[in-house]
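So for the sequence shown, this note's numbering puts the first residue at 272; every next one is plus one.
The structure under discussion appears below in the form of structure tokens.
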Amino acid sequence: MLDVQRTILVDDVEGTGHELYGTLPNMTYVIDRGGKVLFRSDWTDPPTIERVLDYILDARKQRREGLRMAPFYSEMVGYRWSDLSKHHEVLERAGPQALSDWEGSQKRGAQQPPRPGRIQI
Numbered sequence: 272m273l274d275v276q277r278t279i280l281v282d283d284v285e286g287t288g289h290e291l292y293g294t295l296p297n298m299t300y301v302i303d304r305g306g307k308v309l310f311r312s313d314w315t316d317p318p319t320i321e322r323v324l325d326y327i328l329d330a331r332k333q334r335r336e337g338l339r340m341a342p343f344y345s346e347m348v349g350y351r352w353s354d355l356s357k358h359h360e361v362l363e364r365a366g367p368q369a370l371s372d373w374e375g376s377q378k379r380g381a382q383q384p385p386r387p388g389r390i391q392i
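Below is the structure:
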């Protein structure tokens, strides 16, 4: 476990923070003290978050030690374990609206054109 002290933003019931950062479900952000988004993910995956925090802390340590480091933008596709039957079980416990929302998002996703940057093979 990381020995890191950090502030965690908990959104209000109206979803004000959620709206400000993009309105995607289950998002995770790592935001620095100046408000710069250092990491954004459309899924809350604890192992990925731990790796990201380790990476950021290591980069900051190296900068403090005098290594010149320049930031750059990158994207990655993460992978997580997925149990579809457990997923449906959780949605059913959350109620009919949750299940309906998820099914609707799946249909909308299947009908959308290719995403920018995605290569069609």
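Don't be surprised by glycine CBs; every beta carbon is placed ideally from N, CA and C.
{"Query": "Using the DSSP secondary-structure output, state which residues sit across from T299 in a beta bridge.", "Result": "S312"}
{"Query": "Distance check for Q276 and E363, CA to CA, integer angstroms please.", "Result": "36 Å"}
{"Query": "So, P312 versus T294, is the Cβ gap smaller than 7 Å?", "Result": "According to the sequence displayed, residue 312 carries Ser and not Pro. It is not a contact, given that the beta carbons lie outside the stated cut-off."}
{"Query": "Return the Cβ separation of G288 and L280 in integer angstroms, given the expectation that the two are a contact with Cβ distance under 8 Å.", "Result": "6 Å"}
{"Query": "By the 10 Å Cβ neighbour count, where 16 or more other Cβ atoms means buried, how is V284 classified, buried or exposed?", "Result": "exposed"}
{"Query": "Taking G306 as the reference, which of Y292, P318, P296 has the closest Cα?", "Result": "Y292"}
{"Query": "So which of Q333, F310, K357 has the shortest CA-CA distance to V348?", "Result": "F310"}
{"Query": "Once DSSP output is grouped into helix, strand and coil, what is the label at L280?", "Result": "coil"}
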